[in-house]
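This report refers to the structure that appears directly beneath it.
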Amino acid sequence: WPVGNNNSLLHPFNVTIRSDRRGTCKGTHVVYACVGYCESSAFPSRYSVLVASNFTHNITSASRCCTISKDAKIKVRLDCPRARHHDDIEILTARACHCDMCRKSRY
Amino acid sequence: VTTQLHGSFRGCAVRDFSFVAQKPGCRNLRIDTEACWGRCHTWEPLPEPPYVQRHHRVCSYGRTRYLMVRLPGCQPHVSPLYPYPLALQCHCTVCSTQDTECETF
Numbered sequence: 001w002p003v004g005n006n007n008s009l010l011h012p013f014n015v016t017i018r019s020d021r022r023g024t025c026k027g028t029h030v031v032y033a034c035v036g037y038c039e040s041s042a043f044p045s046r047y048s049v050l051v052a053s054n055f056t057h058n059i060t061s062a063s064r065c066c067t068i069s070k071d072a073k074i075k076v077r078l079d080c081p082r083a084r085h086h087d088d089i090e091i092l093t094a095r096a097c098h099c100d101m102c103r104k105s106r107y
Numbered sequence: 108v109t110t111q112l113h114g115s116f117r118g119c120a121v122r123d124f125s126f127v128a129q130k131p132g133c134r135n136l137r138i139d140t141e142a143c144w145g146r147c148h149t150w151e152p153l154p155e156p157p158y159v160q161r162h163h164r165v166c167s168y169g170r171t172r173y174l175m176v177r178l179p180g181c182q183p184h185v186s187p188l189y190p191y192p193l194a195l196q197c198h199c200t201v202c203s204t205q206d207t208e209c210e211t212f
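Line by line, the protein sequences give chains A and U. Under the numbering used here, the residues of the first sequence are numbered 1 to 107, in order. Under the numbering used here, the residues of the second sequence are numbered 108 to 212, in order.
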């Protein structure tokens, strides 16, 4: 995918959802993720950081990561061939991306 | 991994870095060292189930040498020693709060 001034861009991938382990009902849909190259750096910490961390944080990392800025719900149809019916399930997909806060829980 | 320089650079590399070492009770000293800078491959797939693993890695120190500099004009009760890291190698990695002040903006 092209990377220009905006380094965090939408990227399509297929998601397959199964109703159970056996795949009684299942459906596949294209959704979008945010993928890209955002700027980050690491450098010696300021003295105030050294003191506050009891001289354990000698390095400071300043970073941005590719994240979802806008999302949308889409319906995925799950086909259930044996039961001869289908179910719809809603999932989220990315609609816009940007370089923003790295989320620690998502590292 | 270095692919290109400047605006389109992707990867994480050692880069010259200057800073002013400041410590109460001593005079400031400008220090030239090497630090890390780059653009790491990061992604965020889905904000809700079905989750796919997020990947937020940042450019940080891989191999590090710690150096000690002596600050000038320190008061008698203040140690003139000031430690700082020199990056020998940088890589895209998880920011570890064990040894790093992780800031994001």
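A virtual CB, placed ideally from N, CA and C, is assigned to each residue, including glycine. Computed from a predicted structure; not experimentally measured.
For the segment 51 to 71 of chain A, which residues have a beta carbon sitting closer than 7 Å to at least one beta carbon of chain U?
53, 56, 57, 58, 59, 60, 61, 62, 63, 64, 65, 66, 67, 68, 71
On the criterion of 16 or more Cβ atoms from any shown chain inside 10 Å, does residue 30 of chain A qualify as buried, or is it exposed?
Taking the first sequence and counting its residues from 1, the one referred to as residue 30 of chain A is at position 30. Exposed: under 16 other Cβ atoms inside 10 Å.
Taking its Cβ as the centre, do 16 or more other Cβ atoms sit within 10 Å of residue 165 of chain U, making it buried, or is it exposed?
The residue you call residue 165 of chain U lines up with position 58 of the second sequence. By the neighbour-count rule (16 or more Cβ atoms within 10 Å), residue 165 of chain U is buried.
Output, in sequence order along the chain, the residues in the segment 77 to 92 of chain A whose CB is closer than 8 Å to any CB in chain U.
91, 92
Take residue 32 of chain A and list the residues in its own chain whose beta-carbon comes closer than 6 Å to its own, dropping the five residues that flank it on each side.
Translated into the one-based positions of the first sequence, residue 32 of chain A becomes position 32. The residues are 10, 12, 93, 94.
So, helix, strand or coil for residue 127 of chain U, using DSSP?
Here the question's residue 127 of chain U lines up with position 20 in the second sequence. Residue 127 of chain U falls in the strand class under three-state DSSP.
Nearest candidate by alpha-carbon position, reference residue 68 of chain A, set U:149, U:179, U:121:
Here residue 68 of chain A corresponds to residue number 68 of the first sequence, with the count starting at 1. Per the Cα distances, U:149.
Pairs of beta-carbons, one from the segment 199 to 207 of chain U and one from the segment 47 to 65 of chain A, closer than 8 Å: are there three or more?
yes
Pairwise C-alpha distance: residue 163 of chain U and residue 124 of chain U:
As a working mapping, residue 124 of chain U is identified with position 17 in the second sequence. As a working mapping, residue 163 of chain U is identified with position 56 in the second sequence. So the alpha carbons of these two residues sit roughly 24 Å apart.
Using a Cβ-Cβ cut-off of less than 8 Å, give me the residues of the segment 28 to 46 of chain A that come near chain U, in sequence order.
31, 33, 34, 35, 36, 37, 38, 39, 40, 41, 42, 43, 44, 45, 46
Quick one: list the residues of chain U neighbouring residue 21 of chain A, beta-carbon separation under 8 Å, in chain order.
The residue given as residue 21 of chain A occupies position 21 in the first sequence. Near residue 21 of chain A there are no residues of chain U at all, since even the closest Cβ is about 14 Å away, more than 8 Å.
Pop quiz: residue 17 of chain A and residue 89 of chain A are said to be a contact at Cβ under 8 Å. What is the actual Cβ separation, rounded to whole angstroms?
Counted from its first residue, the first sequence places residue 17 of chain A at position 17. Counted from its first residue, the first sequence places residue 89 of chain A at position 89. Yes, residue 17 of chain A and residue 89 of chain A are in contact; Cβ-Cβ is about 6 Å, under 8 Å.
Below 8 Å CB to CB, which residues in the same chain sit around residue 91 of chain A once its five sequence neighbours on both sides are set aside?
Locating residue 91 of chain A in the first sequence gives position 91, counting from the first residue. Answer for residue 91 of chain A: 15, 17, 29, 31, 73, 74, 76, listed in chain order.
Quick one: measure Cβ to Cβ for residue 191 of chain U and residue 174 of chain U, integer angstroms, because I've assumed they're closer than 8 Å.
Indexing the second sequence from 1 puts residue 191 of chain U at position 84. Indexing the second sequence from 1 puts residue 174 of chain U at position 67. Right, their Cβ atoms sit about 6 Å apart.
Taking the alpha-carbon positions, what's the residue 65 of chain A to residue 44 of chain A distance?
On the first sequence, residue 65 of chain A is found 65 positions in, with the first residue counted as 1. On the first sequence, residue 44 of chain A is found 44 positions in, with the first residue counted as 1. Cα-Cα distance, rounded: 21 Å.
Could you check where the alpha helix (DSSP H) with residue 42 of chain A kicks off and where it finishes?
Counting from 1 along the first sequence, the entry for residue 42 of chain A is found at position 42. That residue, residue 42 of chain A, is in no alpha helix (DSSP H); its beta strand (DSSP E) goes 26 to 44.
Give the secondary structure of residue 69 of chain A by DSSP, where H, G and I count as helix, E and B as strand, and everything else as coil.
Numbered from its first residue, the first sequence carries residue 69 of chain A at position 69. For residue 69 of chain A, the secondary structure class from DSSP, reduced to helix, strand or coil, is strand.
Whose CA, out of U:144, U:129, U:186, lies closest to the CA of residue 167 of chain U?
In the second sequence, residue 167 of chain U corresponds to position 60, counting from 1. Of the listed residues, the one whose Cα sits closest to residue 167 of chain U is U:144.
Considering only their Cβ atoms, is the gap separating residue 196 of chain U from residue 172 of chain U smaller than 8 Å?
Position 65 of the second sequence, counting from 1, holds the residue named residue 172 of chain U. Position 89 of the second sequence, counting from 1, holds the residue named residue 196 of chain U. Against a cut-off of 8 Å, the Cβ pair of residue 196 of chain U and residue 172 of chain U comes out as no contact.
For residue 57 of chain A versus residue 140 of chain U, is the C-beta spacing smaller than 8 Å?
On the first sequence, position 57 is the one that residue 57 of chain A refers to. On the second sequence, position 33 is the one that residue 140 of chain U refers to. Not a contact, by the Cβ cut-off of 8 Å.
Is the Cβ of residue 145 of chain U closer than 8 Å to any Cβ of chain A?
Reading the second sequence from its first residue, position 38 is the one you call residue 145 of chain U. Cβ-Cβ to chain A under 8 Å: yes for residue 145 of chain U.
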